[in-house]
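See structure below.
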Amino acid sequence: MDCIQQKSRISEHASEACIFCKIIKGEIPSTKIYEDKEVLSFLDINPANKGHALVIPKKHYETLIDIPEKEIGKIMEAVQKIARMIEKNLKPDGYNILMSNHEAAEQVINHAHIHIIPRYKTDNFKLTWTHKKYEEKEIEAVKKKITQNL
Ligand code: ZN
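Residues in the sequence shown are numbered from 0 upward in steps of one, following numbering that gives the first Met the number 0.
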């Protein structure tokens, strides 16, 4: 079995148990707010704020970089459309776009998904992180590491 075949079998197996794939197939109900050929968006049932939406590719991909380049544009277009719908019709004070990739980044469902979270000045939702410091010249070393092997 070559690598591509093996990867596609793993992906098929993963998608059988995947709650988002079941939502796409209609096996689990969802509150859909947008759908096209490649993309589905529905409301998160445990929202950070009311109107919190998820945008997912209809094909099972685990993380952002698993999504083929030719498909990512459609997904980001849908994210912008839904953000526009939320801003125009819910009139929040702002919104966050958030995507968790891998367990360490708190990805819970292993089907790539982008959160659109309406935000209000008075909400208690906080995105916080500590501001770490680079040692002298370390930022250049990190740049070198990131940009190698392109
Ligand atoms: Zn899936």
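For every residue, glycine included, the Cβ atom is placed at its ideal position computed from N, Cα and C.
The structure displayed is predicted, hence computed values, not measured ones.
Return the residue from the list L149, N95, L39 that minimises the CA-CA distance to C20. Ranking the options by Cα distance to C20, first place goes to L39.
Within 8 Å, do at least three Cβ pairs link the region 75-85 to the region 28-42? Yes, the region 28-42 is in contact with the region 75-85.
Only counting the same chain, and skipping five residues up and downstream in sequence, which positions put a Cβ closer than 7 Å to that of T146? Result list for T146: empty, nothing under 7 Å.
beta-carbon F19 near the ligand ZN non-hydrogen atom, thresh 6 Å: Indeed, a heavy atom of the ligand ZN lies less than 6 Å from the Cβ.
I'd like the list of long-range same chain contacts for I18, defined as Cβ closer than 8 Å, with 5 residues on each side in sequence excluded. Take I18, set aside five residues on each side of it, and the residues of its chain with a beta-carbon closer than 8 Å to its own are I27, I108, H110, in chain order.
For a test of your reading of the model: does the CB of H110 fall under 6 Å from any non-hydrogen atom of the ligand ZN? Yes or no. H110 has its CB nearer than 6 Å to a heavy atom of the ligand ZN.
Entirely within the region 9-78 and at least 3 residues each: give me those beta strand (DSSP E) ranges in chain order. The region 9-78 contains these whole beta strand (DSSP E) runs: 31-34, 38-42, 52-56.
For H51, tell me which candidate among E70, P91, K143 has the shortest Cα-Cα distance. In terms of Cα proximity to H51, the closest of E70, P91, K143 is P91.
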